[in-house]
Each structure stands twice: as structure tokens, then as C-alpha cells.
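Structure, as C-alpha cells:
Numbering (the numbering used here), first residue to last: 75 to 142.
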């Protein structure tokens, strides 16, 4: 019984960490999109797009990585 309760606490902690990551990465992506739309320089746009892809990749691995 005690183990089950601990598992539920860990599950709740995992959900809150996932929500934190989602908000964190959403703010980064929002900043990058604002930078992309505000700049005219092609190089800056390319860097912004590159960082968007890196942020999405980091978000995927931090949220959906194997728990093994």
C-alpha cells in the first residue's frame, strides 16, 4: 500500500514537472517567434528557426524520454 501511494506522488510530481517544461519551452518558442517576425535579416531568421527546432527537440526529449 505504501509503495502505491509513493508512486502516485511521483506521478503527480512528474505531471507538474511536465507542465513546467511545457510553459518554459512555450515561452522560449514565443520569444523566438517574436524575434523571427521582428527581424528583417535573413541570417537572424535562419538562426531563430534553428533555435526553434532545437527547442522543440529539447522539449520532446525532456518530456517524452524513456523513464528506464
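Every residue, glycine too, gets a C-beta built ideally from N, C-alpha and C.
Rounded to the nearest angstrom, what separates residue 76 and residue 85 at their Cα positions? Caution is warranted here: a pLDDT of 46 is assigned to residue 76, below 50, making its placement in the model unreliable, and the coordinate value is therefore given only provisionally. Those two C-alpha atoms are separated by around 14 Å.
Cβ contact (3+ pairs, closer than 8 Å) linking the segment 92 to 104 and the segment 130 to 137: Yes: at least three Cβ pairs fall under 8 Å.
Using three-state DSSP, classify residue 113 as helix, strand or coil. DSSP, read as helix, strand or coil, puts residue 113 in coil.
Give me the Cα-Cα distance between residue 107 and residue 132, rounded to the nearest whole angstrom. Straight through space, the alpha carbons of residue 132 and residue 107 are spaced by roughly 17 Å.
Expressed to the nearest angstrom, what Euclidean distance is found between the alpha-carbon atoms of residue 142 and residue 87? With a pLDDT of 49 at residue 142, under the threshold of 50, the modelled position of this residue cannot be trusted, and the question is left open.
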